[in-house]
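Data first, discussion second: the structure below is written as structure tokens.
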Amino acid sequence: MNPPNPSEITDNIVVSLDYTLIVDGEVLESTADAKPIQFIQGLGQIIPGLEEALDGMALGDSKTISVPAAKAYGKVDPDAVQKVKIEEFSEDVPLEVGTFLDLRDQEGDTLSAQITAKGEDTVTLDFNHPLAGKDLVFEVTVTELRLATEEELEHGHAH
Numbered sequence: 152m153n154p155p156n157p158s159e160i161t162d163n164i165v166v167s168l169d170y171t172l173i174v175d176g177e178v179l180e181s182t183a184d185a186k187p188i189q190f191i192q193g194l195g196q197i198i199p200g201l202e203e204a205l206d207g208m209a210l211g212d213s214k215t216i217s218v219p220a221a222k223a224y225g226k227v228d229p230d231a232v233q234k235v236k237i238e239e240f241s242e243d244v245p246l247e248v249g250t251f252l253d254l255r256d257q258e259g260d261t262l263s264a265q266i267t268a269k270g271e272d273t274v275t276l277d278f279n280h281p282l283a284g285k286d287l288v289f290e291v292t293v294t295e296l297r298l299a300t301e302e303e304l305e306h307g308h309a310h
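Per this note's numbering, the very first residue in the sequence shown carries number 152; after that it's consecutive.
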């Protein structure tokens, strides 16, 4: 016999969530024309401030959640901005301001950066998340709740 579906969001619950993300009064993302997002509550799969605010919400609940930058993508870190010589890039890399690049560090990890300035010999790369330093507003509706399976908890994500 399967256990009943949970009635509210707590740790280890698979949450399906419709949301709209608003930053500086502008809609940046929305599931309005897509499937709701799915995640396991309590595993840190979404930003901390949103995860905290969802705790205890019930199926069908809707609310507007304001998440300060510190509980979203953090403050802008000036040390995450670096100048790099243009000669270090292959010629097929588009070195235009606004371009996002996925780069590998010495350990082989992928880091994302945005080109924020271009000089004669250098480009300035910003490794901060594009929403660092921004307060976020989410309009959310809980569309489904269920217990996470052992396999999902083992893998660390909803299936």
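Note that CB positions come from ideal geometry on N, CA and C, so glycine has one too.
Every value quoted in this text rests on a predicted model; they were computed, and no experiment measured them.
Got a sec, what are the start and stop residues for the alpha helix (DSSP H) residue i sits in?
i, result
"A204", "199-205"
"L210", "From DSSP, L210 is part of no alpha helix (DSSP H); its letter is neither H nor E."
What residue range does the beta strand (DSSP E) around residue i cover?
i, result
"E177", "177-181"
"L298", "287-298"
"L252", "251-255"
"L262", "261-269"
"Q192", "Counting along the chain, Q192 falls outside any beta strand (DSSP E), and DSSP gives it neither H nor E."
Using the beta-carbon count (16 or more within 10 Å), is residue i buried or exposed?
i, result
"A185", "exposed"
"Q192", "buried"
"V178", "exposed"
"A309", "buried"
"M152", "Confidence at M152 is low in this model, with a pLDDT of 48, below 50, so its placement is unreliable and the value that follows should be read with caution. M152 comes out exposed."
"E202", "buried"
"D277", "buried"
Which residues share a DSSP beta bridge with residue i?
i, result
"Y170", "V291"
"V232", "D277"
"F240", "BP columns for F240 are empty, so no partner."
Subject >> Touch test, the segment 260-276 against the segment 234-252, Cβ-Cβ under 8 Å, three pairs minimum >> reply: yes
Subject >> At least 3 beta-carbon pairs within less than 8 Å: the segment 209-229 vs the segment 281-288 >> reply: yes
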